[in-house]
Every structure is written in C-alpha cells, then in structure tokens.
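These notes are about the structure you will find just below.
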Amino acid sequence: LMEAALVLVVAVLLGSSALVASDFCVCRSEQPTAVLQKAIDYACGQGADCTAIAQSGACYSPDEVAAHCSWAANSYFQKFRSTGATCDFSGAATLSTTDPSFSGCTFPSSARIGRLVKLQ
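Under this note's numbering, think of the first position of the sequence shown as 5, with each following residue one higher.
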C-alpha cells in the first residue's frame with residue numbers, strides 16, 4: 005500500500021510538468037541561406053501561417069532568414085503533424101524541445117504525452 009501511494013505521489017508531481025513536453029520545429033542556422041529560404045517558401049506556400057513573419061508581424065524582428073525559417077517550419081509542422089508532416093525540410097530543420105519563443109513572439113506548440121515509469 006505504501007509503494008502504491010508513493011507511485012501515485014510521484015505520478016502527480018511529475019504530471020504537472022515532466023509528463024508533457026512540446027516539440028518545436030526549428031531551422032538549422034548553419035544551413036545555407038538558400039536552403040533556409042526554400043524551406044520558408046515551401047512552408048508558407050503550403051499552408052503555414054506566415055503572417056507573423058511579414059514586415060508588420062509580431063515575429064518579423066529579427067529580420068533574419070534563420071529566424072523566419074524557424075517560424076514558418078514550426079507553423080507548418082504544428083498545423084500538419086497530425087496528418088504525417090515531419091520536421092526536416094530537406095535537412096533545413098530539426099525537432100527541439102526548447103521553446104524558440106521570445107518577447108512578443110510566441111511559437112505554437114503541440115504537447116505530447118510522455119510515459120510514466122513505475123518505480124520499484
């Protein structure tokens with residue numbers, strides 16, 4: 005009974021943060037600008053919400069291709085991941101659990117459930 009109570013307490017404590025993680029699709033800044041721009045063009049052309057990286061958008065600044073690429077790739081990935089979209093963009097992007105949001109610019113995320121490991 006004591007072991008079951010301990011597992012329950014640990015599960016409740018972990019459930020508040022450790023059991024839920026978010027994946028963000030971010031672009032690799034070391035990739036050539038042309039590769040990153042191609043990812044932006046694809047994502048924005050295929051349904052990503054790219055209004056935030058337009059000149060008057062909340063995420064326009066910094067006006068850097070890598071930053072805009074991360075926004076576009078993440079927007080596309082979050083919108084279409086449930087239908088099989090991946091975060092690759094021909095090697096331009098990768099998954100990260102680090103939230104790339106910054107002041108005034110909040111990146112969308114989709115939470116996924118982690119697994120609970122029973123303590124022995």
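All residues carry an ideal CB built from backbone N, CA and C; glycine is no exception.
Remember, predicted model here, so these are calculated numbers, not experimental data.
- Does the beta-carbon of Phe106 have 16 or more other beta-carbons within 10 angstroms, so that it is buried, or is it exposed? Counting of Cβ neighbours within 10 angstroms places Phe106 among the exposed residues, the total staying below 16.
- Ser74 to Ser114, Cα distance in whole Å? If you take the alpha carbons of Ser74 and Ser114, they lie about 15 Å apart.
- Item | Classification of Gln50 by the beta-carbon crowding that lies within 10 angstroms, buried from 16 upward | It counts as exposed.
- Same chain, Cβ closer than 7 Å to Ala70, neighbours up to 5 away in sequence not counted: Excluding positions up to five away in sequence, the list reads Cys31, Ser33 and Leu40.
- Message: If you measure between the beta carbons of Ala56 and Ala47, is that distance less than 9 Å?
- Response: In terms of Cβ geometry, Ala56 and Ala47 do not form a close pair [threshold 9 Å].
- Helix, strand or coil at Ser74 [DSSP, three-state]: Helix.
- Helix, strand or coil: which one does DSSP assign to Cys48? Under the three-state reduction of DSSP output, Cys48 falls in the helix class.
- Give me whichever residues DSSP pairs with Ser114 in a beta bridge. In the DSSP assignment, Ser114 forms a beta bridge with Asp27.
- Are Phe28 and Ser86 touching if we call contact CB-CB under 9 Å? Here Phe28 is not near Ser86, since their CB atoms are 9 Å or more apart.
- Message: Using only the alpha-carbon positions, how far apart do Ser60 and Tyr80 sit?
- Response: Distance between the alpha carbons of Ser60 and Tyr80: 20 Å.
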